[in-house]
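What follows is a short report on a single structure.
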Amino acid sequence: MENSRFLRACRREAVDCTPVWMMRQAGRYLPEYRALRKKYSFWEMCKQPELAVEVTLQPLRRMEIDAAILFSDILVPLEGMGAGFEFIEGRGPVLDHPIRTAADIDKLSIIDAREVVPFVMEAIRMLRRELDGKVPLIGFSGAPFTLASYLVEGGGSRQYQHVKTLMYAEPELYHQLMVKITEVVISYLSAQIEAGAQVIQLFDSWVGCLNRADYYEYVYPYSRKIFQTLSTFKVPMIHFANQASTLLDMVRDAGGDIIGVDWRIDLDTAWKIIGDQQGIQGNLDPIILFAPISEIRNRVARILRQADGRPGHIFNLGHGILPTTPIDHAKAMIDAVHEFSAR
Ligand code: CP3
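Residue numbers (our numbering): 1486 to 1828.
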């Protein structure tokens, strides 16, 4: 297993071909996922280890994907902190009561993930048995800023008005919230690694709404603390920041063995910024999967040319796969990565 092409690429060692997986690979573009979702709610699927295991394995039965990512959601540990969510069809999770005041923040508990979300660790243990060394298992967490945004906005957001207002108008409160979330993320990821996650990814999906100075003051110290604390485990860590081309050098410095980039920046430009001490993950625009397969193959080839055979490239989409994506197109992408990068 230590010799899988995915883990080798994480360590920037030579590989037989470039490993590839897809963010959101366990999900709605698969009819077998939608069939299960007719019977169970989204939270039920996150909380029942047998269901989470099944959904994690679904994409691997159809495609030659080089890693499994645990089926769960970044909001699962937040619920454990005392923030209740309702899952609204077509909109996603919405908070019963957004966290905006000192009293709201006081009420959030710092949890021990092993006790509060044991079903996640159980799913990981079961998955390691099921995967039986075939491909490595990725665990994940939302990054503190993305989680804080969800809590303060109360759901998805366009302008991030409430979380940025908290940051600018009441910075002490904002920092209190980030300190709590950071503790929880460390507990949550440590527990996943101890349960058997072989790689972890931190998703900072919403950090692109910040300028450089604000990233440095309000986000960087927390993400950095997570990577520094978890580095004692010696498992590879992926740091994905979405819409963050302008922040990339600081994202790199915050930590992660592999830096995930979206599709808005050319992979070779991004890699120049990241330097040669860390690897890179990315970065096909998920909407290219709606183009004809010949065009998908062209675009895969272009990214691989930009990577130029350097060790430490993990191929991925630049963000999550969309629910209406044709499965044969996703499969064509995966196959093209392996075909064109075979050494
Ligand atoms: O990558 C994977 O396959 C692992 C599973 C995973 C899910 N969500 C499953 C999911 C991961 C890593 C996430 C991360 C996540 N969740 C993020 C950040 C990651 C990113 O995309 O940048 C965010 C912001 C969330 C919160 C969330 N969960 C939203 C906003 C939504 C609704 C929007 C949407 O895409 O439908 C969800 C629901 C969700 N999370 C689904 C899945 C498969 C769809 C649930 C369903 O309707 O069946």
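Ideal Cβ placement from N, Cα and C applies to all residues, glycine included.
Note that the structure is a prediction, hence the values are computed from the model and not measured.
Let me check you understand the geometry: is the CB of Ala1608 closer than 7 Å to at least one non-hydrogen atom of the ligand CP3? no
Identify which residue in Tyr1701, Ala1739, Ile1799 has its Cα closest to the Cα of Leu1752. Ile1799
Ignoring anything shorter than 3 residues, give me the beta strand (DSSP E) runs that lie fully in the stretch 1692–1766, in order along the chain. 1722–1726, 1743–1745
Just checking my contact of Leu1593 with Lys1665 at CB under 8 Å: how many whole Å lie between their CB atoms? 6 Å
Quick one: Cα of Phe1688 to Cα of Ala1520, how far? 27 Å
Out of Asp1761, Val1579, Pro1578, Gln1728, state which residue places its alpha-carbon closest to the alpha-carbon of Glu1498. Asp1761
From Tyr1518 to Ala1511, what does the alpha carbon distance come to, in whole angstroms? 8 Å
Would you say Val1601 and Gly1565 are within 8 Å of each other, going by their C-beta atoms? yes
Just tell me which of Glu1607, Pro1534, Ala1633, Ile1609 has its CA closest to the CA of Leu1580. Ala1633
Measuring from the CB of Ile1685, is there a heavy atom of the ligand CP3 at a distance below 7 Å? no
Look up Leu1687 in the DSSP assignment and give the residues it is bridged to. Ser1626, His1724
Asn1768 beta carbon near the ligand CP3 (any heavy atom closer than 7 Å): no
For the stretch 1768–1779 against the stretch 1737–1744, are there 3 or more C-beta pairs whose distance is under 8 Å? no
Looking only at DSSP bridge pairs, what is Ile1573 linked to? Gly1577
To the nearest angstrom, report how far apart Trp1528 and Asn1783 are at their CA atoms. 39 Å
Between the Cα of Gln1763 and the Cα atoms of Arg1490, Ala1494, Met1486, Glu1487, which residue gives the shortest distance? Ala1494
Whole-number beta carbon distance between Ile1685 and Met1722, since they are thought to touch under 8 Å: 5 Å
Consult DSSP for Leu1593 and reduce its assignment to one of helix, strand or coil. coil
Residues sharing a beta bridge with Pro1823, DSSP: As written in the sequence, residue 1823 is His, which differs from the Pro given in the question. Answer by DSSP bridge pairing: none, since His1823 is not bridged.
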